[in-house]
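Below you'll find the structure, written out as structure tokens, and then a few comments.
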Amino acid sequence: MKSTRPNARRPLGLALGLALLCPLTALAQDATQITDDDRARMQQLLQDLQTLKQDYAQEVRRLRELDMQIQALQARVAGVAPPIVQRDAPQVATQTPVQAPAAAATQAAAPVADAAAPRAADGYAGTAEDAQRAQEADSRSVADVKQQSTALFNRRLTLENGISYNRYDRKQVTLNGFLALDAIFLGNIAIENVESDTLNYNFAARWGVSPRLSLNLDVPYIARKTVYQKGGAGGAAAAIAQEETDGAGLGDISASANWKLFGERGPWPETVLNVGVTAPTGREPYGIPWRVLERDEDEFIRFAVPEEQPTGNGLWSATVGLSAVKTTDPAILFGNIGYVRSFARDFDDLDNNPSTTNPGRVRLGDAYYFGAGLAFAFNERTSLSISFSDRLNARARTRYDGGDWTKLIGSDANAATMSFGVTHAMTPSATFVGVLGIGLTPDAPDFNLTVKVPYAL
């Protein structure tokens, strides 16, 4: 007799197939109902998650630094060293009640922190000095960059010695005559060349009054030498006259204050307000007699040079600006913008002619400056930086007694500079800073070289 059992299984298999097919069909229908709002919502949630990870990593870093500070203070007060815990080792039960919450939070947040930020110093310090060195190792290079670009508020007193060298070389062609047939020049041709070397020694004191306020004092000493060359002397194009003058003395002393408006948090950079004032303590350039080297037949002065070089601009000025720093490991972003206002002042003599005296009033043009840069912290002690800065000066004005204000043609300037720098922590208290600047516009120095050594007390 023929068996019918296989035919009996067909309805059962068909039923199971339909049962499995229905959920898959429902899932396919749900997938087709995903809208653009859902995708936008997903992207927003991913961005929020990334921001929270970054914030959490920064909090973990602060927690580790606080933990080290507490251990250093405890070791200093008790006179004993806290236990050493190696990386990836299990936590021991000898932690104090103050240490335990910070250590537990640090250990729990390690997976997230490793993905978003560099690891801080691992383990506990054996002595107070070890704890201090471990704390400095994590942020020393960042702190050095902040000190140069904005201000550093956690250092009580810093003394800074710096030397900078500037080199100027300007050439100007003077034509006195006219063109014949639009091609031939008839008249005198004079070529003027000015070469200037300036050496500036600057002593600065930075005092961190509070976690938000720091005060600064800069005292410069300037030595200048300028060589003047003039071609076409005596009316002969081949004749060249040359004269050299120099000058040295105290420059214009400036005092400033830095106020931290906002600390670095999340996507927002650390923002600092800078205000300062500069006093005219240097030798002003107005009224310095000039030495006449050549006159023409009509007694017109053709070539004259100042008897000495000035070391200041002779006017009071005030500065206000903003600077910002953002750390994005391993890079550090920084920028600044500001405004300089000069105040008019009377002088006994504005004329450079040694035989005459013409008193008057001088007002330098307002100046605007801005800049931005990028630094890379290669390790805990060394960082390299590249930056761009520009300063725009309006024209200066003079007014002789009883006369009207007159703008000085050629006194406006646009000085743009590209700078390359390096900072290196030589000792726990001293830092080496070297900067090479290259002038991008005719009003900027051809190049300038600066070397500074801040020493934290």
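This note's numbering numbers the first residue of the sequence shown as 86 and each following residue consecutively.
C-beta: ideal position from N, C-alpha, C; glycine also.
Determine whether the beta carbon atoms of residue i and residue j lie at a separation below 8 Å.
{"i": "Pro530", "j": "Arg240", "result": "no"}
{"i": "Glu280", "j": "Asp303", "result": "no"}
{"i": "Thr502", "j": "Leu525", "result": "yes"}
{"i": "Asn343", "j": "Ser295", "result": "no"}
{"i": "Ile75", "j": "Asn443", "result": "The displayed coordinates of the chain run from 86 to 542. Any statement about residue 75 would go beyond what the structure contains."}
{"i": "Lys537", "j": "Glu245", "result": "yes"}
{"i": "Gly420", "j": "Ala457", "result": "yes"}
{"i": "Leu594", "j": "Leu477", "result": "The first residue shown for the chain is 86 and the last is 542, placing residue 594 beyond what the model contains."}
{"i": "Asp337", "j": "Thr366", "result": "yes"}
{"i": "Ser468", "j": "Ser504", "result": "no"}
{"i": "Thr412", "j": "Glu465", "result": "no"}
{"i": "Gly445", "j": "Asp486", "result": "yes"}
{"i": "Leu335", "j": "Leu346", "result": "no"}
{"i": "Phe238", "j": "Ala326", "result": "no"}
{"i": "Arg291", "j": "Asn301", "result": "yes"}
{"i": "Ser402", "j": "Thr363", "result": "yes"}
{"i": "Ala308", "j": "Ala289", "result": "no"}
Express the C-alpha separation of residue j and residue i in angstroms, rounding to a whole number.
{"i": "Asp431", "j": "Asp140", "result": "55 Å"}
{"i": "Phe463", "j": "Ala416", "result": "9 Å"}
{"i": "Asp199", "j": "Ala142", "result": "Legend: pLDDT at Asp199 = 41, less than 50; position of this residue unreliable, no value from coordinates given."}
{"i": "Val390", "j": "Gly397", "result": "18 Å"}
{"i": "Gly293", "j": "Glu379", "result": "56 Å"}
{"i": "Leu534", "j": "Gly519", "result": "8 Å"}
{"i": "Asn285", "j": "Pro370", "result": "17 Å"}
{"i": "Ser249", "j": "Lys310", "result": "14 Å"}
{"i": "Ser341", "j": "Gln154", "result": "31 Å"}
{"i": "Asn287", "j": "Ser339", "result": "11 Å"}
{"i": "Arg204", "j": "Phe428", "result": "Interpretation of Arg204 is limited by its pLDDT of 40, a score under 50 that renders its predicted location unreliable; no figure is taken from the coordinates."}
{"i": "Thr136", "j": "Arg146", "result": "16 Å"}
{"i": "Phe532", "j": "Ile523", "result": "4 Å"}
{"i": "Val447", "j": "Asn499", "result": "21 Å"}
{"i": "Asp48", "j": "Thr404", "result": "What the structure shows of the chain is the stretch from 86 to 542, and residue 48 is not part of that stretch, so it cannot be assessed."}
{"i": "Gly247", "j": "Glu328", "result": "30 Å"}
{"i": "Val360", "j": "Thr516", "result": "25 Å"}
{"i": "Arg297", "j": "Leu242", "result": "14 Å"}
Count the other C-beta atoms from every protein chain shown that fall within 10 angstroms of the C-beta of residue i, then say buried if there are 16 or more, exposed otherwise.
{"i": "Gln128", "result": "exposed"}
{"i": "Leu542", "result": "exposed"}
{"i": "Ala460", "result": "buried"}
{"i": "Pro352", "result": "exposed"}
{"i": "Met511", "result": "exposed"}
{"i": "Ser514", "result": "exposed"}
{"i": "Gly495", "result": "exposed"}
{"i": "Gln156", "result": "buried"}
{"i": "Ser474", "result": "buried"}
{"i": "Gln394", "result": "buried"}
{"i": "Ser440", "result": "exposed"}
{"i": "Arg149", "result": "buried"}
{"i": "Ala160", "result": "buried"}
{"i": "Pro527", "result": "exposed"}
{"i": "Thr483", "result": "buried"}
{"i": "Asp123", "result": "exposed"}
{"i": "Val162", "result": "exposed"}
{"i": "Lys315", "result": "buried"}
{"i": "Ile119", "result": "exposed"}
{"i": "Ala452", "result": "buried"}
{"i": "Arg126", "result": "exposed"}
{"i": "Arg426", "result": "exposed"}
Is residue i helix, strand or coil when you go by DSSP?
{"i": "Met127", "result": "helix"}
{"i": "Ile417", "result": "strand"}
{"i": "Arg149", "result": "helix"}
{"i": "Asp337", "result": "coil"}
{"i": "Glu379", "result": "strand"}
{"i": "Gln394", "result": "coil"}
{"i": "Val162", "result": "helix"}
{"i": "Thr442", "result": "coil"}
{"i": "Leu300", "result": "strand"}
{"i": "Ala157", "result": "helix"}
{"i": "Ala142", "result": "helix"}
{"i": "Asp133", "result": "helix"}
{"i": "Asp254", "result": "strand"}
{"i": "Asp436", "result": "coil"}
{"i": "Asp122", "result": "helix"}
{"i": "Glu280", "result": "strand"}
{"i": "Leu449", "result": "coil"}
{"i": "Ala465", "result": "A quick correction: the sequence has Glu, not Ala, at residue 465. It is coil, neither helix nor strand."}
{"i": "Ala289", "result": "strand"}
{"i": "Phe532", "result": "strand"}
{"i": "Gly332", "result": "strand"}
{"i": "Ser295", "result": "coil"}
{"i": "Leu477", "result": "strand"}
For this session: Write down every uninterrupted run of the beta strand (DSSP E) in the stretch 340 to 376 whose length is 3 residues or greater and which is fully enclosed by it, in chain order.
Result: Listed in chain order, the complete beta strand (DSSP E) runs (minimum 3 residues) inside the stretch 340 to 376 are 355 to 363.
Exercise. What residue ranges within the stretch 479 to 529 form continuous beta strand (DSSP E) runs of no fewer than 3 residues, ordered along the chain?
Worked result: If we require 3 residues or more, the beta strand (DSSP E) runs fully inside the stretch 479 to 529 come out as 482 to 485, 498 to 510, 516 to 524.
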